[in-house]
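A short worksheet on the structure shown next.
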Amino acid sequence: MKLNELVPKQNKRWFYLMLILPLLVFSCEEESDYVPEKELPSIEQDRHTIAKNLSGLIAEYEGLQTELQQLAIEMAKKGYYELEFFVALELDKPLQVTENKTATLRELITLANDGDASIIQRIEERDHGLSLLLLNFGNSDAFSAKIYIDEGQDDLDENESIKFYMDGEVQAHSIASNPKEKVFILRTSEAYIPQIEVSGTPEKVSIGKIGETDVYIHSGLMINFNSTLRTYCCDCGVSFANAGLCEWYCATFYGCTGSAPPTDPNACNEPCDRYCKDGKDFIWRFRTTDTYDHWWQGAKGEFYPIIIWSDDANISYVDGEYIVVGDGIGGLKKGLTENVSGNNSWFTPSYELITWDEIGDGDRMKIAWYEHDNSPIKSIKLDLTTKIKVTPLIELEVGRGITFSINSGDDWVGESIVEYCDGLLSNYTHDTGGGLTFQMKKHD
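Residue numbering for the sequence shown follows our numbering, starting at 4 and increasing by one per position.
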């Protein structure tokens, strides 16, 4: 029997098509030009590309560094605490990069990236915290041609290295080598609140929008120049080499002039100053010789204390003697004081503590200080042993450790034991051992 006898004539063409269809499909699969979708570059890879691009653009356009500096100054004039700007918020601002050429960061980075604008799109979609920080402003009139990358290095470890781009080429040096010229660092701003944390951060302020998305920072990092609460002053002679520039910097950015607040007279004749003054204890002011951002010369620190003390221990009288029921130790973590310089100038956050009752709250408290850096959360444990008075003649010892949550990158500055009878009215100074000293007061 012939093939055409098995298949009706009108169906022959369909029969042959069905025979060759699997061959066609197989052939297409073998010779397919399909290419799997490429993975997007990581945020870290994009940042290196941007640093490379900026370094090349700086080499090409003589006015770009001054224009980038002006973006940071404009941010500071709005009340921002540090000389940096958020890249995603400034992509479309015209910059006078040469006498005859104006361009935006969007245009410049796209041009330097061989016309590929996708990196700009990724910044707008996923890297809202990306900032360009300017250091050594006021210490030098000259710019460095380098663009550094902050990759979370431990700047206290001199064995660490830091990468930078210069004229499009990547290099590195020890983090112990501090640049002396004005220099830009690409980083995640320490003020930035990631979107995932916004709903749980009550003290926040929006500094701009990317599309429909607000960019938030901690509200304490926006300064009200006219606020009477901003009582610390700038020590321009120490902070800056150029006195005229310093006056402008202090007045414009910090709204402060004059000298340190007057000291209080020692008017107490009691054995303990706290006997002479009612009200709550508070940490009145502190100063430091170290910002704990060693490599970022000229950068400001963000400091906070953690305080533990005997917290109204429960005393019982059992079988003829007094005993403590429970551990009797409490504690609290205070908020950040921002914009702290390492020139030993006073800062007055006035951290309010407790009304210190020697009987209920013990004879001492511990105050530990930290410098804040954005990083994942970790737990720390602080210990205190103190004596509480049950009667004027009977004391009991209480003590334990308390756990607190801090950022894993926060630097431990030091700690001090504050005794109940330490000086209070004559500017008695407590030393943490880490370059930071502080003074206590009582509210009127």
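Positions of the beta carbon are idealized from the N, C-alpha and C atoms, including for glycine.
Straight-line Cα distance separating residue j from residue i
i: G448; j: I326; result: Because the chain is modelled from 4 through 447, residue 448 falls outside the range shown and cannot be assessed.
i: K444; j: T292; result: 22 Å
i: L224; j: T340; result: 9 Å
i: T216; j: Q124; result: 14 Å
i: I286; j: K384; result: 21 Å
i: E273; j: T432; result: 19 Å
i: Y295; j: F306; result: 10 Å
i: P352; j: Q442; result: 11 Å
i: K183; j: N430; result: 36 Å
i: D158; j: I178; result: 6 Å
i: I46; j: R129; result: 8 Å
i: S344; j: L439; result: 11 Å
i: S180; j: A302; result: 15 Å
i: I380; j: F407; result: 10 Å
i: S143; j: T105; result: 26 Å
i: Y83; j: L399; result: 49 Å
i: K207; j: N377; result: 16 Å
i: G214; j: N139; result: 33 Å
i: L43; j: T191; result: 20 Å
i: R290; j: T435; result: 11 Å
i: R288; j: V401; result: 29 Å
i: A75; j: D386; result: 42 Å
i: C275; j: D284; result: 14 Å
i: D478; j: D314; result: Because the chain here runs from 4 to 447, residue 478 falls outside it and cannot be looked at.
i: S262; j: N347; result: Only weak support is given to the placement of S262: the predicted model assigns it a pLDDT of 39, under 50, and the value that follows is read from those uncertain coordinates. Whole-angstrom Cα-Cα distance: 13 Å.
i: D95; j: P308; result: 40 Å
i: H3; j: V173; result: In this structure the chain extends from 4 to 447, so residue 3 is not present and cannot be described.
Exposed unless 16 or more other CB atoms sit within 10 angstroms - verdict on residue i
i: A79; result: buried
i: A1; result: Any question about residue 1 goes unanswered here, given that the chain covers just 4 to 447.
i: N317; result: exposed
i: S411; result: exposed
i: H176; result: exposed
i: A62; result: exposed
i: H131; result: buried
i: K369; result: buried
i: E65; result: exposed
i: I53; result: buried
i: S382; result: exposed
i: L98; result: buried
i: T69; result: exposed
i: N342; result: buried
i: S202; result: exposed
i: E418; result: buried
i: I420; result: exposed
i: V328; result: exposed
i: E161; result: exposed
i: E87; result: buried
i: I199; result: exposed
Endpoints, beta strand (DSSP E) assigned at residue i
i: L335; result: 332 to 336
i: L111; result: Here L111 belongs to no beta strand (DSSP E); instead the alpha helix (DSSP H) covers 108 to 115.
i: I311; result: 304 to 313
i: Y295; result: Note, Y295: premise wrong, no beta strand (DSSP E); not H, not E.
i: M169; result: 164 to 169
i: A175; result: 172 to 177
i: G453; result: Look at the range of the chain in this structure, 4 to 447, and you will see that residue 453 is not part of it.
i: L373; result: A small correction: the amino acid at residue 373 is Tyr; Leu does not occupy that position in the sequence shown. Unbroken beta strand (DSSP E) run through Y373: 367 to 374.
i: M443; result: 439 to 445
i: I213; result: 207 to 213
i: K96; result: It is not in any beta strand (DSSP E) - K96 carries neither H nor E in the DSSP assignment.
i: K185; result: 185 to 191
i: Y219; result: 216 to 221
i: F451; result: As displayed, the chain neither begins before 4 nor continues past 447, which places residue 451 out of reach and without an answer.
i: N342; result: 340 to 343
i: L135; result: 133 to 138
Bounding residues of the alpha helix (DSSP H) (the contiguous stretch that carries residue i)
i: L57; result: 46 to 63
i: V201; result: 198 to 201
i: I152; result: Where I152 is concerned, there is no enclosing alpha helix (DSSP H), although the beta strand (DSSP E) it sits in stretches over 146 to 152.
i: R129; result: 121 to 129
Assumed close pair residue i, residue j - CB separation to whole angstroms, cut-off 8 Å
i: I210; j: T204; result: Incorrect: roughly 14 Å between the Cβ atoms, too far for contact.
i: V416; j: Y373; result: 6 Å
i: V90; j: L135; result: 6 Å
i: Y423; j: D366; result: 5 Å
i: D49; j: I122; result: 6 Å
i: T358; j: G426; result: Their Cβ separation, rounded to whole angstroms, is 19 Å, which puts T358 and G426 out of contact at 8 Å.
i: I405; j: I311; result: 6 Å
Practice prompt. Specify whether the stretch 376 to 390 and the stretch 166 to 177 touch according to this definition: at least 3 beta carbon pairs, one from each stretch, less than 8 Å apart.
Written response: no
Discussion item. Between the stretch 182 to 199 and the stretch 46 to 57, can you find at least three pairs of beta-carbon atoms closer than 8 Å?
Written reply: yes
Discussion item. Between the stretch 139 to 159 and the stretch 108 to 115, can you find at least three pairs of beta-carbon atoms closer than 8 Å?
Written reply: no
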